[in-house]
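Read the structure below first, then the notes.
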Amino acid sequence: METARAIVVIPTYNEAENIATVISAVFAAVPTASVLVVDDASPDGTGRMADELAAGDPRVEVLHRTMRDGLGHAYLAGFTRALEEGFESIIEMDADGSHPASALPAMLDSLATHDLVIGSRWTPGGAVANWPRHREWLSRAANTYARLWLRIRVRDSTAGFRAFRASTLRAIDLGHVESRGYCFQIDMTLRVIDAGLSVAEVPITFVDRVAGRSKMSGSIVVEAMLRVTGWGVRRLFRR
Ligand SMILES: Nc1nc2c(ncn2[C@@H]2O[C@H](COP(=O)(O)OP(=O)(O)O)[C@@H](O)[C@H]2O)c(=O)[nH]1
Ligand SMILES: [Mg+2]
11 METARAIVVI
21 PTYNEAENIA
31 TVISAVFAAV
41 PTASVLVVDD
51 ASPDGTGRMA
61 DELAAGDPRV
71 EVLHRTMRDG
81 LGHAYLAGFT
91 RALEEGFESI
101 IEMDADGSHP
111 ASALPAMLDS
121 LATHDLVIGS
131 RWTPGGAVAN
141 WPRHREWLSR
151 AANTYARLWL
161 RIRVRDSTAG
171 FRAFRASTLR
181 AIDLGHVESR
191 GYCFQIDMTL
201 RVIDAGLSVA
211 EVPITFVDRV
221 AGRSKMSGSI
231 VVEAMLRVTG
241 WGVRRLFRR
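Below, the structure is given as structure tokens:
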């Protein structure tokens, strides 16, 4: 397990109730990991709380962005920082406790033999708990559409819990990723597959947040539908 040079990138927007808990959960699972919080100037003070945690623990760092600018851009900024700092394994994880930190060791193990490892709700053994019906339906529908229309095998291409090798991120032209919202996850999955790299799915149970609010919105869904449809058309013409 390559944990010595692993960093967990956690994007935050108004996660003051959750940020301390998720960071403790990461360190309980992988004490040698680092954490990078990427905060978009959360009005609820998440960024300040993350700074305080960073002041008390050298494993924690914080990247402050000046405004809310979407999950995709937050991750791109975090990845750039993590690559500059020389981390070998770069993990994406939500701040709200939905992603079980206990799965991190298995995901890092799998990263020894794959270029991207997805903590997957929709692979055999994966599950969701307490999620509202409409969110489960949306995730299943989005994944089915992406899988069939983009002709990929990945069952959970929208998952926000995943581990990349640094070499995988370097193989992708991060400067050309335009996705702003949650379709960033499908975008990155497709880029990894198209670069000829391997993807593994490790089953996880995704548990709905107990504190704070979801940042999912209609515009995030519309962006995903338009972009996935466009990528599929481009792939049809490329064959
Ligand atoms: N930095 C940053 N983080 C974001 C943004 N939108 C969502 N997030 C974070 O992305 C993660 C997933 O968002 P969440 O609201 O839980 O989405 P859901 O689980 O699909 O309902 C959480 O840690 C959010 O705080 C954004 O625009 N900027
Ligand atoms: Mg969530």
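In the numbering used here, the protein residues as written are 11 to 249.
Ideal Cβ positions, reconstructed from N, Cα and C, are used throughout, including at glycine.
Being a predicted model, the structure only gives us computed values, none of them experimental.
Original post:
Can you tell me whether DSSP reads L121 as helix, strand or coil?
Top reply: Counting from one through the sequence shown, the residue named residue 121 turns up at place 111. If DSSP states are grouped into helix, strand and coil, L121 belongs with coil.
Original post:
Quick one, are the C-beta atoms of V40 and I29 less than 9 Å apart?
Top reply: Residue numbering aside, residue 40 sits at position 30 when the sequence shown is read from its first letter. Residue numbering aside, residue 29 sits at position 19 when the sequence shown is read from its first letter. Taking 9 Å as the Cβ cut-off, V40 and I29 do not qualify as a contacting pair.
Subject >> Proximal residues to L207 (C-beta, below 7 Å), its chain only, five neighbours per side dropped >> reply: Numbered from 1 along the sequence shown, position 197 holds the residue referred to as residue 207. The residues are D125, L126, T178, A181.
Original post:
What distance in whole Å lies between the Cβ atoms of W132 and D218, which are believed to be in contact at a cut-off of 8 Å?
Top reply: Locating residue 218 in the sequence shown gives position 208, counting from the first residue. Locating residue 132 in the sequence shown gives position 122, counting from the first residue. Rounded, the Cβ-Cβ distance is 16 Å, inconsistent with contact.
Original post:
Taking the alpha-carbon positions, what's the Y23 to G82 distance?
Top reply: Counted from its first residue, the sequence shown places residue 23 at position 13. Counted from its first residue, the sequence shown places residue 82 at position 72. Approximately 13 Å, taken between the alpha carbons.
Subject >> Straight-line gap, D204 to G170 (C-alpha atoms, nearest Å) >> reply: As a first step, residue 204 is located in the sequence shown; it is residue number 194 there, counting from the start. As a first step, residue 170 is located in the sequence shown; it is residue number 160 there, counting from the start. Cα to Cα, the separation comes out at about 19 Å.
Subject >> M11, DSSP secondary structure in three states >> reply: If you number the sequence shown from 1, residue 11 lands on position 1. With a pLDDT of only 47 at M11, under 50, the local geometry of the prediction cannot be trusted, and no value is derived from it.
**OP:** Return yes when the C-beta of T239 is under 8 Å from any heavy atom of ligand 1, and no when it is not.
**Re:** Translated into the one-based positions of the sequence shown, residue 239 becomes position 229. Checking every heavy atom of ligand 1 against the Cβ of T239, none is found closer than 8 Å.
Subject >> Any non-hydrogen atom of ligand 1 closer than 8 Å to E188 Cβ >> reply: In the sequence shown, residue 188 corresponds to position 178, counting from 1. No, ligand 1 has no heavy atom inside 8 Å of this Cβ.
**OP:** Answer yes or no: do E176 and F97 have a C-beta to C-beta separation smaller than 9 Å?
**Re:** On the sequence shown, position 166 is the one that residue 176 refers to. On the sequence shown, position 87 is the one that residue 97 refers to. The amino acid at residue 176 is misidentified as Glu; the sequence shows Ala. The answer is yes: Cβ separation under 9 Å.
Subject >> Candidates L236, F37, G80, E25, of which the one nearest Y192 by Cα >> reply: In the sequence shown, the residue the question calls residue 192 occupies position 182. Closest option to Y192, Cα to Cα, is G80.
**OP:** For S99, count neighbouring Cβ atoms within 10 angstroms of its own Cβ and tell me buried if that reaches 16, exposed if not.
**Re:** Within the sequence shown, residue 99 is the residue found at index 89, counting from 1. Burial call: buried.
**OP:** Give the C-beta separation of A111 and A35 to the nearest angstrom, bearing in mind that I take them to be a contact with Cβ-Cβ under 8 Å.
**Re:** Position 101 of the sequence shown, counted from the start, is the residue given in the question as residue 111. Position 25 of the sequence shown, counted from the start, is the residue given in the question as residue 35. About 4 Å separates the two Cβ atoms, so the contact holds.
**OP:** Determine the direct distance from the alpha carbon of G129 to that of V212, and round the result to whole angstroms.
**Re:** Your numbering for residue 212 matches position 202 in the sequence shown. Your numbering for residue 129 matches position 119 in the sequence shown. Straight-line Cα distance between these residues: approximately 5 Å.
Subject >> DSSP three-state assignment for E62, whether helix, strand or coil >> reply: In the sequence shown, the residue the question calls residue 62 occupies position 52. Of the three classes helix, strand and coil, the one that applies to E62 here is helix, per DSSP.
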